[in-house]
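Note sheet for the following structure.
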Amino acid sequence: MQHVTCGSVLKLMNMDYNVRLHSHDVKYGSGSGQQSVTGTDMKEDGNSYWLIKAESRKQCTRGQPIRCGDTVRLEHVATKKNLHSHLVSSPLSGKQEVSAYGDHKGEGDTGDNWMVLCNSDFWERDDAIKLKHVDTETYLAVSGRTYGSPISGQIEVVGDYSPNSPHTQWITMEGLFIHPNDFKAQHHHHTEL
Numbered sequence: 001m002q003h004v005t006c007g008s009v010l011k012l013m014n015m016d017y018n019v020r021l022h023s024h025d026v027k028y029g030s031g032s033g034q035q036s037v038t039g040t041d042m043k044e045d046g047n048s049y050w051l052i053k054a055e056s057r058k059q060c061t062r063g064q065p066i067r068c069g070d071t072v073r074l075e076h077v078a079t080k081k082n083l084h085s086h087l088v089s090s091p092l093s094g095k096q097e098v099s100a101y102g103d104h105k106g107e108g109d110t111g112d113n114w115m116v117l118c119n120s121d122f123w124e125r126d127d128a129i130k131l132k133h134v135d136t137e138t139y140l141a142v143s144g145r146t147y148g149s150p151i152s153g154q155i156e157v158v159g160d161y162s163p164n165s166p167h168t169q170w171i172t173m174e175g176l177f178i179h180p181n182d183f184k185a186q187h188h189h190h191t192e193l
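For the sequence shown, counting from 1, position 112 maps to 112 in full-length UniProt numbering; every step adds exactly one.
Right, dumping it as structure tokens:
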């Protein structure tokens, strides 16, 4: 099995629009003014990597497989801000804004928590998933609207209230995947002469 695990760094692709979840140090010009989150069709862009970690104020063991139904945070690797949402309108479609939020240590608030919804026991790398925002019960989605300058050609990412929207399906793409730890006890016998 190829599970997604705590500590994995990965790219997520929206299955409907074929764009990768992306962020960068560009703030929204309206709404919250927080760091923008978009979709990009550029496969090689380093600003599309996200670190999988435990929900707010909790820890998970590196290599621990993520179960379907677990709550996680996704930290944007380049800026250390967490994938976030809140009751603010998105700039292009008027749906719910999705941003990147938090301090330089990767800590934000409960608006950073996302529940992993999938069809088996664990989040598997080749399975479609949905990410449900815990605080507002919206689903991470792509609106299809395209930004102009300074992020020309990138697609709006939003929170969508419709779980059945085809725009809410994501799949794991490129990444660095941490394998489950070997939990067997290691015994070293040392004797002095």
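C-beta atoms are modelled at their ideal positions from N, C-alpha and C, and glycine is treated no differently.
Thinking C-alpha only, which one of Arg62, Gly148 and Asp41 is nearest Gly7? Sequence index remark: in the sequence shown, residue 7 carries index 7 (1-based). The shortest Cα separation from Gly7 among Arg62, Gly148 and Asp41 belongs to Arg62.
Rank Val19, Ser56 and Ile171 by C-alpha distance to the C-alpha of Thr146 and give the top, closest one. On the sequence shown, residue 146 is found 146 positions in, with the first residue counted as 1. For Thr146, the nearest C-alpha among the options comes from Val19.
Indicate the three-state DSSP secondary structure (helix, strand or coil) for Thr61 in the structure shown. Residue 61 sits at position 61 when you count from the first residue of the sequence shown. If DSSP states are grouped into helix, strand and coil, Thr61 belongs with coil.
Whole-angstrom Cβ separation of Thr168 and Leu140, contact assumed at under 8 Å? On the sequence shown, residue 168 is found 168 positions in, with the first residue counted as 1. On the sequence shown, residue 140 is found 140 positions in, with the first residue counted as 1. Indeed, because the Cβ distance is near 7 Å, the residues count as touching under 8 Å.
So, is the C-beta of His179 closer than 8 Å to a C-beta in chain C? Of the protein chains in this structure there is only one, and it is not chain C.
Could you check if Glu137 is buried or exposed, using at least 16 other CB atoms within 10 Å of its CB as the buried criterion? Numbered from 1 along the sequence shown, position 137 holds the residue referred to as residue 137. Under this definition Glu137 is an exposed residue.
What residue from His22, Gly175, Ser32 and Leu10 has the CA that sits closest to Ser89's CA? Working through the sequence shown from its first residue, we reach residue 89 at position 89. Ser89 has its Cα closest to that of Ser32, out of His22, Gly175, Ser32 and Leu10.
What residue does the beta strand (DSSP E) around Met42 start on, and which one ends it? Sequence index remark: in the sequence shown, residue 42 carries index 42 (1-based). No beta strand (DSSP E) holds Met42; DSSP gives it neither H nor E.
Straight-line CA distance for His24 to Asn119? Here residue 24 refers to the residue found at position 24 when the sequence shown is read from its first residue. Here residue 119 refers to the residue found at position 119 when the sequence shown is read from its first residue. Between the C-alpha atoms of His24 and Asn119 there is a straight-line separation of about 31 Å.
Short Cβ contact (8 Å threshold) for His3 with Ile52: Taking the sequence shown and counting its residues from 1, one reaches residue 3 at position 3. Taking the sequence shown and counting its residues from 1, one reaches residue 52 at position 52. Between His3 and Ile52, the C-beta spacing is not below 8 Å.
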